[in-house]
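K.L.:
What follows is a single structure, and I will ask about it in a moment.
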Amino acid sequence: MLARTQSFLQLAPLALVLLLFVAAPLVVVVAVSFFRIDGFDTVPAFTFENYQAVLGSSLTTSLYLKMAKYALLTWAASLVIGFFVAFFLVFHVRNRSVAIALFLVCTVPFWTSNVIRMISWMPVLAEHGVINGALMKLGLVQAPLRGLMYSDFSVVLAYVHLFTIFMIVPIFNSMSRIDRTLFEAARDAGAGRLRTLCLVVLPLTRSGIVLGSIFVVTLVMGDFYVVKVMSGGSSASVVSAMYDNVSTLLFPPAAASAVILLLILTVLIAVLTRVVDLRRELVRQR
């Protein structure tokens, strides 16, 4: 009995923090999503008008599709980059200290603000920027390419730059736990490098890939500033629509959009964790 009481007392601070800063705000958002708008006043009520307005709007549908496209492209690019960067650091850098040092180099961009890292692409991608200047000097183009900046390309590029590290870290952690004798066994069985990569490395890094995918997708779908800046205002996201609603005191529609986005992310994470049992994978790698 005393041991159970001590366990509850040890969990009480964490439970209190989760209750105050996670559960309570979430309950408030869900409750406000059912309130009614009267002019600019929020009236307590129970109505599905906000959800009907959000789900029945073609603009909202286009924003969700745009956001899904950004998330998919960013996920694919960050997965390819993150996987091969982690693969190089774990399996091709023989000295572990050097590998850890190179891994820490990947975190150097995080020593500066996300805004600074995002804006740093502007002089590179601009119409008279570094890339266009180099292409014109080499005679590869006659006029500056206008699709580099203020386009979907620049948005995805900024996302990849900002969030690839969240893919590298879990994949690096998963790969570093792989037993090297498995490669010898695969080689003795006649498997080449590609088959070893597909049949040994990929299955054993599933947990890292899933964790990295969850991080990257949720970060992209929860962002609005990158889209606003890197698209030059020509594109938007669901979160930017929520921000506009909040700035005009339309709290119930913003809350309804937040609940829908939360449900979408919850379903997505549930599907990913259903495909790969993270708890079992992490326990097996210990």
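Every position in the sequence shown, counted from 1, becomes a number in the numbering used here once 104 is added.
Ideal placement from N, C-alpha and C gives every residue a C-beta, glycine not left out.
#1: Rounded to the nearest angstrom, what separates His196 and Ser280 at their Cα positions?
#2: Let's see if you can read the secondary structure: which residues bound the beta strand (DSSP E) around Asp142?
#3: Exposed or buried, what is Ser186 when buried is set at 16 or more other beta-carbons lying within 10 Å of its beta-carbon?
#4: Can Val417 and Val259 be called in contact, C-beta distance under 8 Å?
#5: Write down the C-beta distance between Tyr155 and Ala360 rounded to the nearest angstrom, noting that I regard them as a contact closer than 8 Å.
#6: Report the option in Ala116, Ile272 and Leu367 whose CA atom is closest to the CA atom of Leu208.
#7: Contact between the stretch 204–221 and the stretch 352–370 is defined here as three or more beta-carbon pairs at a separation below 8 Å; is this criterion met?
#8: Which residues mark the beginning and the end of the beta strand (DSSP E) in which Thr211 is found?
#9: Looking at Val133 and Phe139, is the spacing between their C-beta atoms short of 8 Å?
#10: From the DSSP output, which residues share a beta bridge with Asp145?
#11: Leaving out the 5 sequence neighbours to the left and right, which residues in its chain are closer than 6 Å to Val194 when beta-carbon positions are compared?
#12: Just tell me which of Leu369, Val131, Ser137 and Leu315 has its CA closest to the CA of Phe267.
#13: Mind checking which residues open and close the alpha helix (DSSP H) that includes Val350?
#14: In the structure shown, what three-state DSSP assignment does Phe125 receive?
#15: Taking the straight line between their C-alpha atoms, what separation do you get for Val126 and Ala119?
#16: Kindly list the residues whose CB is nearer than 6 Å to the CB of Ala247, restricted to its own chain and excluding five residues on each side of it in sequence; keep chain order.
#17: In three-state DSSP terms, what is Gly317?
#18: Out of Gly312, Phe287, Leu298 and Tyr254, which has the shortest C-alpha to C-alpha gap to Asn277?
#19: To the nearest angstrom, report how far apart Asn349 and Leu298 are at their CA atoms.
#20: Mind checking whether Phe270 and Leu183 have CB atoms under 8 Å apart?
#21: Any idea what DSSP makes of His265, helix, strand or coil?
#22: At the level of alpha carbons, what is the spacing between Arg200 and Phe287?
#23: Tell me which residues share the same chain as Ser339 and place their Cβ nearer than 6 Å to its Cβ, disregarding the 5 neighbours each side in the sequence.
#24: Please return the same chain residues whose Cβ sits closer than 7 Å to the Cβ of Pro274, not counting the five positions on each side in sequence.
#25: Where Val189 and Ala203 are concerned, what is the direct C-alpha to C-alpha distance, given to the nearest angstrom?
#26: Kindly list the residues whose CB is nearer than 8 Å to the CB of Ile235, restricted to its own chain and excluding five residues on each side of it in sequence; keep chain order.
P.N.:
On the basis of the supplied data:
#1: 12 Å
#2: Arg140 to Asp142
#3: According to the sequence as given, residue 186 is Gly; it is not Ser. Buried, by the Cβ-count rule.
#4: This structure leaves residue 417 out entirely; the chain is present only between 105 and 390.
#5: 5 Å
#6: Checking every option, the nearest Cα to that of Leu208 belongs to Ile272.
#7: no
#8: Note, Thr211: premise wrong, no beta strand (DSSP E); not H, not E.
#9: no
#10: Asp142
#11: Scanning its chain for C-beta atoms nearer than 6 Å, with the 5 sequence neighbours on each side dropped, one finds around Val194 the residues Met279 and Ser280, in chain order.
#12: Leu315
#13: Where Val350 is concerned, the enclosing alpha helix (DSSP H) stretches over Val342 to Ser351.
#14: Of the three classes helix, strand and coil, the one that applies to Phe125 here is helix, per DSSP.
#15: 10 Å
#16: Nothing listed; no residue qualifies.
#17: Checking the sequence, you will find Ser at residue 317 rather than Gly. Of the three classes helix, strand and coil, the one that applies to Ser317 here is helix, per DSSP.
#18: Gly312
#19: 51 Å
#20: It is not a contact, given that the beta carbons lie outside the stated cut-off.
#21: helix
#22: Each residue's alpha carbon lies about 18 Å from the other.
#23: Val331
#24: Hits under 7 Å: Gly312, Leu315 and Gly316.
#25: 11 Å
#26: Val228, Leu229, Leu249 and Leu252
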